[in-house]
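Only one structure is covered here, and it is reproduced in the block below.
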Amino acid sequence: MGLAQKESWFAWREKFGLVAIIFTLCLAVGFLTFGLQSVLCLNSVRVDNRGLDANDVIVAGYAYDASKFGHPGSALTGPDGASILGAPLRAGNMDLSLLFQNVNAKCKTVLTFSDSLKDASGNGIAAFPCLMVAKESKDTPKFDGEFSSCHNTASSRAALKRLNPRPISYKWEEVFNNTNWRIYNGAVLDFSRLAWTLSGVSLPDSVNSILESTLDNPDITLLMNSMMTANVGGCLQDLLAIGYVDTFSLGCITSNIILYVSLIVILGAVFSKFLMAIYFGWFMSRKLGFAKPETPEERLKRLDEIENWANINNHYGNEKIVPFYSVRPQGNSNRRSKFFLPTTSRYSQFLPGDEPGATTRPVMRASKHLKGMRSNRNLSTFIEGGVDDISDFYGSPKNESNQFPTEMKSPKGFLVGGDSPLNFDPLYTLLLVTCYSEGAHGIRTTLDSLASTEYPSKFKCLFVVCDGIIKGEGEDATTPDICLSMICDFVIPPDKVQEYSYVSIASGSKRHNKAKLYAGYYSPNSESPEIAKRSRTPMVLIVKCGTAAEVTEKKPGNRGKRDSQVILMSFLQRVMFDERMTKLEYEMFNSIWSVTGVTPDNFELVLMVDADTKVYPDSLTSMVSVMSRDHMVMGLCGETKIANKRDSYTTMMQVFEYYISHHLSKAFESVFGGVTCLPGCFSMYRIKAPKGHHGRHAAQEELAAVGRRPVLVYTLS
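Below is the structure:
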């Protein structure tokens, strides 16, 4: 198979096994639905005695289609191949049972024939006149003494079987209302025909006694099996059968039971799921917590506004991007200066990337750094001093973008704002946006919607990850350059940003990847919403640029969406557990600290959004309110709608898929507190949860010492 590693071989075997199991189960369900009845209920095709066609003839309780039958030439039927339905016989819908009497099988030991009714071999010729009678006729046929019409030969019976026999059915009420009809082993016997027997045929006395007796139950199967031998009942069935009771065989009953039980189980599951989903939507969801209370009228109005907002498609069109910086360096960044004299002195401040030994400087252990931070009892003093020192750490001059309001420097200020309109404790939230080859307008729409959410900007941070240096169709710039052009007030100038190695989710040489990290604030354009222009949203951009061996490839640095998510989750794991960090993670730590004013361990939530998703303004506030009020919620999602629903049949069908998935499947699972799958395009997860009854409401001086139980969420979407 070309799988060199043992783990890859096991993974392929597990996937193949799952596919085989699913395929087998699908075949089993298909067989139960379509094939079980045909296997267990073979003789289920019957024709009602009142629904016989003009082309049908009756023989021993079976209907035969004689429309394509050609009778051999004879004096009664005419030339060879003539139809028996026309003149002179006109046998359509007539009973031909007396022409095919089987008196030498089961009846041979039951009936007694005179010598005149025996042939040369001693076999009986006929017990009744060999004549054609009307269906269910009660008139005695006139015997003319001729037996030329009797079809006793094997060839005649073989020709009859080729006409596809169908049992003729009678309802129980019809048999019960006719006093001369009896039932034996499901066959309807017309005992009035015993009066048609020829004078040379003798019947057993037990048969005459049954004919003369009056029975409340027309079914004589048990009586005949207890009084007589099996040949007597079989003989009477061969001679007197005119049809069969409309009943189901044991196989048909079994198949029907299985199908009805399956139907009840499926309908029960569907209706139970539907009712519980309604219960969640009408009752449980109202208790999850909203940013502000709503009346039923306000809620309906809000739903209409959301529907109208969803119909506004902002994902088409082009935005003219003029990148001031590029992720790929232009020319040789390490070229020597053309000036012979030195341009710096011992007192010059170096920008990041220019200091001596920048590419080989040792990385400070995160555990030692964080332990020192947590050992300071006065956290407010630490933050106030630490934030101001950030600009000195990076060697860049202090500017207004690196100054933070006083309320962000104190835990009292960022736990609950004094003038906050929120009715819950806000939590610091990372807004993860994964990009691949999206265009400028789609990314702008997503970032505008996130920056325009009603949730305060000081409690959220845009975290954008570009999966490789890829240029989308019809775009003038690559996706990383587009994202870079939407950042302003950089912490580190983009032309001074370095590449950092990390271990990606891949195999072989692809496990080694490099990434660049940019930090600043989101820069809206002239068409962005006013709230996005007024707000100052921190933004961190990670570009997976690939190694030097991938420069000439079509998609350098591309490792998949899952790898983009793991970059953030691995970083959060090291932050929460005080583990040793890589260079990339160390820069991520300081970048987030620089643009938000708080260390990354203060972030408790992460919202994962695709780059082609537009977020409703109050969605982030509603989701954070649920997380803030109920610490047992580890993950949640909002409803996803299709913006371009009228573009094609595929998008039209996706409307129903998304609606059913959210309002039926996920609502049903939410009743039990465990949703199996959250959509990757719009879901929120808890990074860590408070520990103990007081949680993050502990005293200020104990905040750094109060333990928290980290909950690392790894999504497979």
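Be aware that the sequence shown starts at 1, since it is given in the UniProt record's numbering, and climbs by one per residue. Here a beta-carbon is modelled for each residue, glycine too, at the ideal position from N, C-alpha and C. These numbers were taken from a predicted model, which means no experiment stands behind them.
What is the rounded straight-line gap between the Cα of residue i and the Cα of residue j?
i: residue 651; j: residue 58; result: 59 Å
i: residue 202; j: residue 128; result: 12 Å
i: residue 677; j: residue 684; result: 12 Å
i: residue 487; j: residue 494; result: 10 Å
i: residue 630; j: residue 499; result: 40 Å
i: residue 461; j: residue 274; result: 38 Å
i: residue 163; j: residue 83; result: 13 Å
i: residue 578; j: residue 24; result: 48 Å
i: residue 549; j: residue 328; result: 14 Å
i: residue 236; j: residue 68; result: 31 Å
i: residue 245; j: residue 177; result: 13 Å
i: residue 722; j: residue 516; result: Only positions 1 to 717 of the chain appear in the structure, and residue 722 is not among them; the question remains open.
i: residue 725; j: residue 503; result: Lying before the first or after the last residue shown, residue 725 is absent from the chain, which here runs from 1 to 717.
i: residue 140; j: residue 28; result: 56 Å
i: residue 601; j: residue 575; result: 6 Å
i: residue 450; j: residue 518; result: 19 Å
i: residue 92; j: residue 215; result: 35 Å
i: residue 323; j: residue 513; result: 25 Å
i: residue 142; j: residue 232; result: 27 Å
i: residue 536; j: residue 609; result: 20 Å
i: residue 638; j: residue 657; result: 15 Å
i: residue 151; j: residue 265; result: 54 Å
i: residue 48; j: residue 38; result: 20 Å
i: residue 447; j: residue 259; result: 53 Å
i: residue 662; j: residue 612; result: 19 Å
Using a 10 Å radius around the Cβ and a threshold of 16 neighbouring Cβ atoms, would you call residue i buried or exposed?
i: residue 21; result: exposed
i: residue 653; result: exposed
i: residue 649; result: exposed
i: residue 557; result: buried
i: residue 368; result: Below a pLDDT of 50, predicted positions are generally treated as unreliable, and residue 368, at 38, falls in that range; no measurement from the model is reported.
i: residue 668; result: buried
i: residue 593; result: buried
i: residue 625; result: buried
i: residue 481; result: buried
i: residue 154; result: exposed
i: residue 429; result: buried
i: residue 182; result: buried
i: residue 26; result: exposed
i: residue 269; result: exposed
i: residue 106; result: buried
i: residue 79; result: exposed
i: residue 642; result: buried
i: residue 112; result: exposed
i: residue 157; result: exposed
So what does residue i bridge to, in DSSP terms?
i: residue 682; result: 609
i: residue 461; result: 430
i: residue 539; result: 462, 520
i: residue 94; result: 134
i: residue 112; result: 202
i: residue 48; result: 169
i: residue 118; result: 124
i: residue 544; result: 515
i: residue 241; result: 189
i: residue 181; result: 190
i: residue 435; result: 466
i: residue 501; result: 514
Are the C-beta of residue i and some C-beta of chain C separated by less than 8 Å?
i: residue 97; result: No chain C is part of this structure, which consists of one protein chain only.
Using CA atoms only, rank isn't needed, just tell me which of the options is closest to residue i.
i: residue 94; options: 108, 112, 120, 134; result: 134
i: residue 159; options: 439, 104, 66, 200; result: 66
i: residue 247; options: 476, 115, 187; result: 187
i: residue 655; options: 674, 77, 307; result: 307
i: residue 618; options: 180, 104, 299; result: 299
i: residue 522; options: 595, 560, 589, 590; result: 595
i: residue 544; options: 470, 475, 508; result: 470
i: residue 591; options: 122, 538, 209; result: 538
i: residue 255; options: 435, 35, 679, 599; result: 35
i: residue 239; options: 99, 529, 570; result: 99
i: residue 452; options: 431, 165, 440, 250; result: 431
For the ligand HEM, is there a heavy atom less than 7 Å away from the beta-carbon of residue i?
i: residue 32; result: No copy of the ligand HEM appears in this structure; indeed no ligand is present at all.
Please look up how many angstroms separate the CB atoms of residue i and residue j, rounded, as I've assumed it's under 8 Å.
i: residue 604; j: residue 686; result: 7 Å
i: residue 277; j: residue 584; result: Not really, about 43 Å apart at Cβ, beyond 8 Å.
i: residue 147; j: residue 126; result: 6 Å
i: residue 426; j: residue 459; result: 5 Å
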